[in-house]
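Trainee: Shown below is the structure under consideration.
Numbering (the UniProt record's numbering), first residue to last: 1 to 515.
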């Protein structure tokens with residue numbers, strides 16, 4: 001695939017425009033597809049956890065008390081899976097990923113984005129072997145921690161890699177390949193869970209957990225054939241290699257302007273690093289806008305409630321009255337909706353823009369969640385089933401909710417933080433975004449089943465309230481970054497935004513964002 005383009009970048013204050021020439025080459029898409037396999041690893045784990053924790057063979061092996069409670073005739077529908085150790089199986093990965101994301105920030109700077117993704121695949125392969133062969137709970141948790149290190153490294157490196165190799169006008173679409181692979185991973189995991197639970201009732205969970213090794217192996221082998229990003233090469237003093245890489249991914253030798261822009265950003269970053277560390281620089285006033293946006297996007301992404309549903313979809317559907325296999329099949333359906341809807345984002349994000357997608361999704365998610373909460377409050381009682389009609393209605397509404405998340409907060413929660421930091425703080429700032437995501441993913445994974453036991457249907461209204469807060473945040477404080485070259489965000493976006501420009505002493509008078 002190849003098509004010509006010229007990216008125009010208007011710098012702060014109007015006037016000057018710069019063109020970066022090149023083509024949309026097959027190689028840049030190949031690099032993007034391979035790097036996005038890190039998202040496939042992450043998504044497979046998100047999808048596999050909930051299905052495995054609903055399998056009787058897994059519960060008998062590691063959580064016999066939960067198995068006994070699950071099969072009691074009069075057990076509270078909302079509380080049958082409430083067990084801190086069971087939740088720790090899911091959440092321990094994200095606590096490890098939180099810690100790993102800070103180490104990954106340094107590795108991305110010193111070794112490059114590609115090497116960090118390689119390390120992610122190695123840790124993930126090791127964790128997969130431990131989990132699939134687990135003989136006791138301790139071995140299972142250690143395996144989950146290794147998987148978490150892999151997720152932390154991969155989720156740090158892959159979005160940065162994608163943003164840095166992409167031409168500005170398709171950066172959104174290319175970066176969303178990561179989230180697309182997350183959704184494909186979730187879908188594949190749900191399908192694997194459905195078949196392994198039927199074909200191997202007592203040991204199917206081992207096959208499900210072992211399947212995580214496939215995307216990790218693909219990432220490891222693929223990372224041997226893709227290039228490092230031009231920004232990372234120039235940043236580490238390899239300007240000639242950076243030029244060669246830029247020529248290859250742009251399909252032209254006329255890359256002087258873009259290379260000069262990258263070099264200027266790297267020189268500025270190096271000068272600032274000589275004065276103070278990136279962590280100290282993030283504490284400066286002018287670093288607050290992208291840092292606040294990055295952390296808020298990740299926190300809000302989790303408080304949509306999406307991972308509570310994706311982690312525990314089979315468990316949630318059993319609570320609503322579906323049988324075990326029916327609940328797994330329902331999870332497959334929602335996983336399919338997730339994948340298809342993410343494709344919408346790839347097409348729309350660089351045409352419609354980030355803000356409009358986020359705001360539209362807030363309205364759709366709020367309506368769907370409110371309706372689900374109302375049905376659960378009225379028809380999903382502590383004991384007994386709500387009936388097939390209402391269970392199906394809830395599943396349809398959850399699909400409506402998942403679809404809106406999949407073309408908005410899912411991909412844009414990763415895209416926006418990866419594109420808004422200046423190079424001097426890019427890897428470190430993005431590590432705060434990743435760690436925030438993992439921290440709140442851990443908290444939700446660890447607390448959701450207990451919250452559902454205590455709050456019952458009000459757990460859905462809890463997340464709906466957050467949707468309103470998120471919409472207000474986007475409307476007032478999130479600038480539009482569509483089509484802006486990644487190394488010109490400060491001048492073109494932050495210095496001209498009606499609110500964030502006050503954090504820059506020499507800000508212009510423009511207003512960007514609420515339009």
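Ideal Cβ positions, reconstructed from N, Cα and C, are used throughout, including at glycine.
Treat the numbers as computed from the prediction; the structure is a model and nothing was measured.
1. Touch check for the region 449-467 and the region 389-397: three-plus C-beta pairs under 8 Å?
2. Does residue 482 come out as helix, strand or coil in the three-state DSSP assignment?
3. Decide yes or no for the touch test of the region 145-163 against the region 107-124: beta carbon pairs closer than 8 Å, at least 3 of them.
4. Rounded to the nearest angstrom, how far is the Cβ of residue 132 from that of residue 85, given a contact under 8 Å?
5. Go through its chain and collect everything with a Cβ distance to residue 350's Cβ below 8 Å, but skip five positions before and after it.
6. Return the CA-CA distance between residue 166 and residue 120, expressed in angstroms with no decimal places.
7. Give me the residue from 190, 246, 303 and 213 with the minimum Cα distance to residue 445.
8. For residue 497, which three-state DSSP category applies?
9. Whose C-alpha, out of 231, 129 and 496, is nearest the C-alpha of residue 247?
10. How about the region 402-413 and the region 123-137: do they share at least three Cβ pairs that are nearer than 8 Å?
11. Taking the alpha helix (DSSP H) that residue 192 belongs to, which residues open and close that run?
12. Taking residue 411 and residue 342 to be in contact with their CB atoms under 8 Å, please state how far apart those CB atoms are, rounded to whole angstroms.
13. Is DSSP giving residue 389 helix, strand or coil here?
14. Would you check if there are 3 or more beta carbon pairs closer than 8 Å linking the region 35-53 to the region 175-193?
15. Under a Cβ-count criterion, where at least 16 other Cβ atoms within 10 Å of its own Cβ denotes burial, should residue 92 be classed as buried or exposed?
16. Three or more C-beta pairs under 8 Å: does that hold for the region 434-449 against the region 330-349?
17. Just to confirm my understanding: we take residue 421, look at its own chain, exclude 5 residues before and 5 after, and list those with CB closer than 6 Å. What are they?
18. Among the candidates 189, 153, 96 and 180, whose CA atom is the shortest distance from the CA of residue 145?
19. At least one CB of chain C closer than 7 Å to the CB of residue 505: is that the case?
20. I'd like to check one pair, residue 301 with residue 476: are the Cβ atoms closer than 7 Å?
21. Leaving aside the five residues before and after residue 87 along the sequence, list all residues of the same chain whose C-beta is less than 6 Å from its C-beta, in chain order.
22. With a threshold of 7 Å on Cβ separation, who are the neighbours of residue 60 within its own chain once the five nearest residues in sequence on each side are excluded?
23. Nearest-angstrom Cα distance between residue 470 and residue 460?
24. Can you tell me whether DSSP reads residue 229 as helix, strand or coil?
25. How is residue 407 classed by DSSP in three states: helix, strand or coil?
26. Which one of 296, 245 and 210 has the shortest CA to CA distance from residue 440?
27. Okay, do the region 244-262 and the region 272-286 touch, 3+ Cβ pairs below 8 Å being the bar?
28. Going by beta-carbon coordinates alone, are residue 358 and residue 474 separated by less than 7 Å?
29. How many whole angstroms separate the CB atoms of residue 480 and residue 355, which I take to be in contact at a CB cut-off of 8 Å?
30. Taking the alpha helix (DSSP H) that residue 276 belongs to, which residues open and close that run?
31. Helix, strand or coil, according to DSSP, for residue 395 in the structure here?
32. Helix, strand or coil for residue 509 per DSSP?
33. Can you give me the Cβ contacts of residue 279 inside the same chain, cut-off strictly under 7 Å, excluding the 5 residues immediately before and after it?
34. Out of 490, 360 and 478, which has the shortest C-alpha to C-alpha gap to residue 499?
35. Excluding the 5 residues preceding and the 5 following residue 390 in the sequence, name in chain order all residues of the same chain whose CB lies nearer than 7 Å to its CB.
Mentor: Straight from the coordinates:
1. no
2. coil
3. yes
4. With a Cβ gap of about 19 Å, residue 132 and residue 85 do not count as contacting.
5. 169, 170, 171, 172, 173, 482 and 483
6. 22 Å
7. 303
8. strand
9. 231
10. no
11. 171-199
12. 6 Å
13. helix
14. yes
15. buried
16. no
17. 290 and 429
18. 96
19. This model lacks chain C altogether; it includes just one protein chain.
20. no
21. 446 and 449
22. 67
23. 16 Å
24. coil
25. coil
26. 296
27. no
28. yes
29. 5 Å
30. It is not in any alpha helix (DSSP H) - residue 276 carries neither H nor E in the DSSP assignment.
31. helix
32. Legend: pLDDT at residue 509 = 44, less than 50; position of this residue unreliable, no value from coordinates given.
33. 428
34. 478
35. 375 and 379
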